[in-house]
Each structure stands twice: as structure tokens, then as C-alpha cells.
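*Asks:* Below is the structure I would like to discuss, written out as C-alpha cells.
Numbering (our numbering), first residue to last: 781 to 924.
Set out below in C-alpha cells:
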């Protein structure tokens, strides 16, 4: 079991965590590793964040019986609004990495920009999708 380190220095006294869609899927499906990590965050006084991109990705893949659970899950989290600042940052990352021969997904760049805007860590099962040096990425293995 991997534990979560809620460090100081984010919003207020406790760091913020933005949950990537991979983590949200594990929570939605009740996988024990993700559930335990969220408990640790909440015990440390951290309310996780999501952004509209995460919500869209989850809703797009919902199974019929998961709708109520998904709404409850999102109601327990903070939403990072995406503004032109996050769009600009995401676009700069995509352009910069493309010049070096690496294509980054628009969704991943917007999610990373959202995490950076709240000075938070990004929890994901796919850390390779987030190579931006400015973003603190924590690997939460999927399927646990």
C-alpha cells in the first residue's frame, strides 16, 4: 500500500491534490488503494480537487448504474475553474513539447494546468502523461 504525503505549502496550511481521471475511476469503482489514499488526504484535512475535464472524461465512460455514485463523488470535491490562464499554460506546454517531438494530449495539459493553478499535486495513474516540470505529479497506481 502506498501512502499519501500531504505536504505543507499549497493552499492554506495543507497542499491541494487534483485527482486525475485514472484516480477518479478507481474511486468510482471502490478500489481499496485509491479509497485508502483519499482517506489519508481527508484525515490530513485535504479536500481533493477536480476540473471540468475530469468530470467530462468520467461522465463519458459512466456505466448506467454509476451515475449516482459519480455525482456523490464529485459533490465531495472542489472544482478548479478553467480560465484563459489555464488554457494559455496548456497551449504553451503542448507547443513546447511538440517542438521537441512529443505530442501531449489537450485534456492532460488542461488537467495539469488546473493542478498548477491551485499549487497542488496531481495524483495520477499515468505519470508519463504529465512531463511538465512545474507540476508535482504523484503516482497512484491504478487498479489497486
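Ideal Cβ placement from N, Cα and C applies to all residues, glycine included.
1) Alpha carbons only, please: which of 901, 810, 818 is nearest the one belonging to residue 849?
2) Starting from the C-beta of residue 918, find all residues in its chain whose C-beta is less than 6 Å away, skip the five residues before and the five after it, and write them out in chain order.
3) Could you give the first and the last residue of the continuous beta strand (DSSP E) run that contains residue 918?
4) In whole angstroms, what is the alpha-carbon distance linking residue 818 and residue 879?
5) Please determine, among 868, 855, 911, the residue with the shortest C-alpha to C-alpha distance to residue 877.
6) Using a Cβ distance threshold of 8 Å, determine whether the stretch 857 to 868 contacts the stretch 826 to 837, with at least three qualifying pairs required.
7) Beta-carbon within less than 8 Å of residue 839's beta-carbon, same chain only, minus the 5 sequence neighbours each way: which residues are those?
8) Residue 802 bridges to which residues according to DSSP?
9) When the Cα atoms are used, what is the spatial distance from residue 797 to residue 889?
10) Taking Cβ positions, are residue 896 and residue 872 nearer each other than 8 Å?
11) Taking all protein chains shown into account, decide if residue 806 is buried (16 or more other Cβ within 10 angstroms of its Cβ) or exposed.
12) Near residue 857, what residues of its chain come up, given a Cβ to Cβ distance below 8 Å and the 5 sequence neighbours on each side ignored?
13) Given a cut-off of 8 Å on the beta-carbon distance, is the pair residue 860 and residue 885 in contact?
14) With a CB to CB cut of under 6 Å and the five nearest residues on each side skipped, what residues in its chain are close to residue 881?
*Replies:* According to the structure data:
1) 810
2) 901, 903
3) 916 to 919
4) 37 Å
5) 911
6) yes
7) 850
8) Bridge partners of residue 802: none, in fact.
9) 16 Å
10) no
11) buried
12) 799, 827, 828, 829, 830
13) no
14) none
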